[in-house]
Amino acid sequence: QDLSFDQGGPGQAAATFFLLSYFLLSQMVAIGYLLSALYEERKDRSILFWKSLPVSDFQVVLSKALMGLVVIPGLYLLAAMLTFMLVTVVLSLGMTFLLPGTALFDGFLMAGLAVGGEALRVFALQIIWGAPVFLWVLLVSGLARGQPLIWAMGIPLLVLVVEKSLLSEARVFDWFYAHATPLPFAGAWNPMMGSASIDLADGFLAAGIGLILFVLTVFGRRHFHEI
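Under this note's numbering, think of the first position of the sequence shown as 1, with each following residue one higher.
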């Protein structure tokens, strides 16, 4: 019995489910990490210890930004692929035992590789796409004297109110909100079609704003100390 699962079949659907689930979880974990990354070291005054070491503020902020933008999502992507492969092996062994002659492993494996390859592209694009939001959260973490989550969400909401009051539209907030939405859920990825893309101009704008926020975060850590 041939259950090899062609393009768009159950194998690809299963791989997509695992990757999207882990991807969304990784974004939540990364935001949580960045929200406390600089705030906690000021709150418990461990920043005084770190500043006594021969490590620049630039290096510290860069390491934390890379952890949130690259390392955490990358580890979750790897975990998603390993989980999918484990489930594939278990299902294949079970189906082989129950229905001898069933071709399951090859179909699921090829589906996983196809979706996984596209997921790597999404992972790379998400770094640029989400940079303004992630680095905004890191900036708030380095400046807020309390309740960084409220500040991180409150200021964009204040911008929304001001825009709506003065301009009757919210271009800045809408743009920020779009980039706060993980790329696969922003309508920019169709896993069944294998297409992931962002507008080139918007990508440059996101990277530029992310760079500005990064510089502000380095400046903030240099001049704002313990709480």
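Glycine included, each C-beta is placed from N, C-alpha and C at the ideal position. Quick caveat, the model's predicted, so the values are computed rather than measured.
For this session: Use the C-beta contact count for Pro182: other C-beta atoms within 10 angstroms, 16 or more gives buried, fewer gives exposed.
Result: That one is buried.
Problem set entry | Pair within 9 Å by beta-carbon distance, Gly154 and Gly220 | Taking the C-beta atoms as reference points, Gly220 is found no nearer than 9 Å to Gly154.
For this session: Assign Ala124 to buried or exposed, taking buried as 16 or more other Cβ atoms, counted over all protein chains shown, within 10 Å of its Cβ.
Result: Label assigned to Ala124: exposed.
For this session: Name the two residues that bound the continuous alpha helix (DSSP H) containing Glu41.
Result: Here the alpha helix (DSSP H) through Glu41 covers Tyr39 to Lys43.
Problem set entry | Which of helix, strand or coil DSSP assigns to Gln126 | Looking at Gln126 - three-state DSSP - the assignment turns out to be helix.
Exercise. When you compare each of Phe49, Phe84 and Lys64 to Leu34 by their alpha carbons, which one comes out closest?
Worked result: The option with the nearest alpha carbon to Leu34 is Lys64.
Exercise. Grouping DSSP H, G and I as helix and E and B as strand, with all else coil, what is Ile72?
Worked result: Secondary structure of Ile72 (DSSP, three-state): helix.
Exercise. So, do the stretch 81-90 and the stretch 29-48 have three or more beta carbon pairs nearer to each other than 8 Å?
Worked result: Verdict: no, contact absent.
Exercise. Nearest to Ala144 by alpha carbon, out of Glu40, Leu53 and Val215?
Worked result: It is Glu40.
Exercise. By Cβ distance, which residues of its chain are closer than 7 Å to Ala131, with the 5 residues on each side in sequence left out?
Worked result: Cβ neighbours of Ala131 beyond the five flanking positions: Leu69, Ala206, Ala207 and Gly210.
Exercise. Taking the alpha-carbon positions, what's the Glu169 to Ile198 distance?
Worked result: If you take the alpha carbons of Glu169 and Ile198, they lie about 23 Å apart.
Exercise. Does DSSP put Arg171 in a helix, a strand or coil?
Worked result: Helix, per DSSP.
For this session: Apply the 10 Å Cβ neighbour rule to Leu38 and answer buried if 16 or more other Cβ atoms are within range, or exposed otherwise.
Result: It is buried - the Cβ of Leu38 has at least 16 other Cβ atoms within 10 Å.
Exercise. Exposed or buried, which one is Phe204 when buried takes at least 16 other CB atoms within 10 Å?
Worked result: Phe204 should be labelled exposed.
Exercise. When you compare only the Cα positions, how much space is there between Phe229 and Met110?
Worked result: No statement about residue 229 is possible, as the shown extent of the chain runs from 1 to 227 and does not include it.
For this session: Counting only the same chain and skipping the five closest in sequence on each side, list residues whose C-beta sits under 7 Å from that of Leu25.
Result: Its chain contains Tyr76 as the residues whose beta carbon lies nearer than 7 Å to that of Leu25, once the 5 sequence neighbours on both sides are disregarded; these appear in chain order.
For this session: Excluding the 5 residues preceding and the 5 following Asp57 in the sequence, name in chain order all residues of the same chain whose CB lies nearer than 6 Å to its CB.
Result: These residues qualify, in order along the chain: Val218, Arg221 and Arg222.
Exercise. Quick one: what does DSSP say Ser56 is sitting in, helix, strand or coil?
Worked result: In this structure, DSSP gives Ser56 a state outside helix and strand, which the three-state scheme calls coil.
Exercise. Anyone know if the C-beta pair for Phe214 and Val61 falls short of 9 Å?
Worked result: Taking 9 Å as the cut-off, the beta carbon of Phe214 is found closer than this to the beta carbon of Val61.
For this session: Classify Phe134 as buried or exposed, calling it buried when 16 or more other Cβ atoms lie within 10 Å of its own Cβ.
Result: Classification of Phe134: buried, given that the 10 Å Cβ count is 16 or more.
For this session: With a cut-off of 8 Å on the beta carbons, I'd call Ala152 and Val137 a contact; round off their distance for me.
Result: Going by Cβ atoms, the distance from Ala152 to Val137 rounds to 5 Å, so yes, they are a contact pair.
Exercise. If you draw a straight line from the alpha carbon of Gln126 to that of Gly146, how long is it in whole angstroms?
Worked result: Spanning the two alpha carbons is a distance of roughly 29 Å.
Exercise. Around the C-beta of Leu49, are 16 or more other C-beta atoms found within 10 angstroms, so that it is buried, or is it exposed?
Worked result: The question names Leu, but residue 49 in the sequence shown is Phe. Burial call: exposed.
For this session: Report the three-state DSSP secondary structure of Ala13 (helix, strand or coil).
Result: DSSP, read as helix, strand or coil, puts Ala13 in helix.
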